[in-house]
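In what follows, a single structure is set out as structure tokens and then discussed.
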DNA sequence: ACACTTGTTCAACAGTATCGAATAGTTGCG
DNA sequence: CGCAACTATTCGATACTGTTGAACAAGTGT
């Protein structure tokens, strides 16, 4: 009486690993939790959760903190490693720092993975306000400046694919929710030379993004952006200034990336 | 014929999770690998490795890159989250940046977890040389400046525990390898007011470390350090200067941490 | 001392991870 | 072209291991 024979055959996954990472995700989002909390949240017997947590603990992946478990710093290693061996990150980091320093706002570096935007790096000056947008954040492309900057230079069929896969969820009244609107916006973005995220997703935050292209293949690699409070940023002049700064940063990164 | 009855009974761990992370570790260290590479390296049937990789891929934890698999950026999220919700990191980051800027060398922030030193954060100026010491790195305490700075202010029984658990491995002729030497060094460290890692572990690198204490409980929380090339750093004067800079950084962090 | 938490152990069972062998793609070479 | 050598991938039977409810221990507060 073996496994799942009936299905389409490509459903061969290991259950315990999925479960383990459900728990990891939960601990991540809750900033730590007790056995019973996790058990009830994930609708799983306590004893089961217990074995998982003990296993993860023995691997240094979670650590006990009194009665609650939280993710251990071993994850830092994985994360840091992943990022560090990204050639893009290595070439771009210092430029992004510079951009943040020069503009006095938050500067961001992002890429696309699996149709989502991943925040690779974020640089903020001392007076930066937002604590939002944690590094490593996965989110939809269509409501972020980084995402729109990249989409604007993707081949149309790839854009379609991404929409098919992830849809166009709505965060508030500023969010683009139809394909037509999105295509229009992407065209404007190309004309304008930079993308704008004007509270598409988060109240009070305005972001300006520019793609980073591989100069050889002319394909999008990544994107840079600068974020600031709407109140301070949304005048045509400052937006133009910021856009120039972001563009020149993108340019430097492109050059450094090409001649690495 | 259920589980493992013979043993001491407390050995209840889930095998597949351990295996999964062995694979993750391998991919991390190799910066990506193919199915067969992983299979032979871990001495596991290809078919088994295959299922694991497919499972991890479906969870966005690894991504394909041609024929080889590497860790995905989802690990960034875990790592970033872990770090960001560390109160110490939040209060210390900007100070560490400042320290790096002022000294022109690499500044580091570390903590202890499970008797090992974890590199929480590293700040390097544009002209920084070393690409070593990746963020999240776990290593023994006794051959790092951060580790020795912390050990010097640990209760002796805790130091013993840590040595029992991890030993005193040797990296080169500068490494401390006996308990007596270590205790002596820790005492000198206390007298001196800062710890010194003079090529204990890595050729050509000299590091100066200072602990960060909780002002209320007077317990060690963490440590800061500054690293530079031996050639540039090892004169009594520069070492004293650097030590002062590190000490004052540690102090500021202690204050900010206390009045958070 | 009580009731009500929580984390932890245990053993029996069901179901699934496992592995060898077969298959299917790829690449390189004669 | 087609063979050879290399991959990734599928498949099926079995042993094993993850799973679970229930019992136990250890706190915590009233």
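Protein chains in written order, with the numbering used here: chain Z, 1 to 260; chain W, 1 to 260.
All C-beta atoms in this analysis are idealised placements derived from N, C-alpha and C, irrespective of residue type, glycine included.
Note on geometry: alpha-carbon atoms of residue 15 of chain W and residue 55 of chain Z lie some 9 Å from one another.
The stretch 100-115 of chain Z and the stretch 225-244 of chain Z touch, with no fewer than 3 CB-CB distances between them shorter than 8 Å. Leaving aside the five residues that flank residue 41 of chain Z on each side, the residues in its chain whose CB is nearer than 7 Å to its CB run, in chain order, 26. Chain-order list of chain W residues neighbouring residue 255 of chain Z: empty, with the shortest C-beta distance near 16 Å, by a criterion of under 8 Å. Within the stretch 32-58 of chain Z, the residues whose Cβ lies closer than 8 Å to some Cβ of chain W are 51, 52, 54, 55, 56, 58, listed in chain order. Residue-level contact check: residue 140 of chain W does not touch chain Z, since none of the beta carbons of chain Z fall below 8 Å from its beta carbon. In the three-state scheme derived from DSSP, where H, G and I count as helix and E and B as strand, residue 213 of chain Z is classed as strand.
Secondary structure within the stretch 195-248 of chain Z: the beta strand (DSSP E) runs of 3 or more consecutive residues, fully enclosed, are 195-198, 205-213, 220-229 (chain order). In the DSSP assignment, residue 154 of chain W falls outside any alpha helix (DSSP H), carrying neither H nor E. Annotation: residue 32 of chain W is outside any alpha helix (DSSP H) and is labelled neither H nor E by DSSP. Partner residues in the beta bridge of residue 121 of chain Z, as assigned by DSSP, are Z/109.
Where residue 13 of chain W is concerned, there is no enclosing beta strand (DSSP E), because DSSP gives it neither an H nor an E.
The three-state secondary structure of residue 139 of chain Z, taken from DSSP, is strand. Nearest CB-CB separation between residue 16 of chain Z and chain W: below the 8 Å threshold.
Comparing alpha carbon positions, the residue from Z/122, Z/256, Z/62, Z/249 closest to residue 83 of chain Z is Z/122.
Excluding five sequence positions before and after residue 243 of chain Z, the CB atoms of its chain that fall closer than 6 Å to its own CB belong to 194, 208, given in chain order. The beta carbon of residue 78 of chain W sits closer than 8 Å to some beta carbon of chain Z.
Contact with chain W is found for residue 113 of chain Z, since one of that chain's Cβ atoms lies less than 8 Å from the residue's Cβ.
When the alpha-carbon of residue 113 of chain Z is set against those of W/99, W/211, W/61, the nearest one is in W/61.
Membership of residue 58 of chain W in the alpha helix (DSSP H) is indicated by the continuous run 46-58.
The C-alpha of residue 247 of chain W lies about 31 Å from the C-alpha of residue 89 of chain Z.
Apart from sequence neighbours up to five positions away, the residues of its chain that approach residue 139 of chain Z with a beta-carbon distance below 7 Å are 116, 117, ordered along the chain. For residue 190 of chain Z, no beta strand (DSSP E) encloses it; the enclosing alpha helix (DSSP H) starts and ends at 179-192. In the DSSP assignment, residue 83 of chain Z falls outside any beta strand (DSSP E) and within the unbroken alpha helix (DSSP H) covering 74-84.
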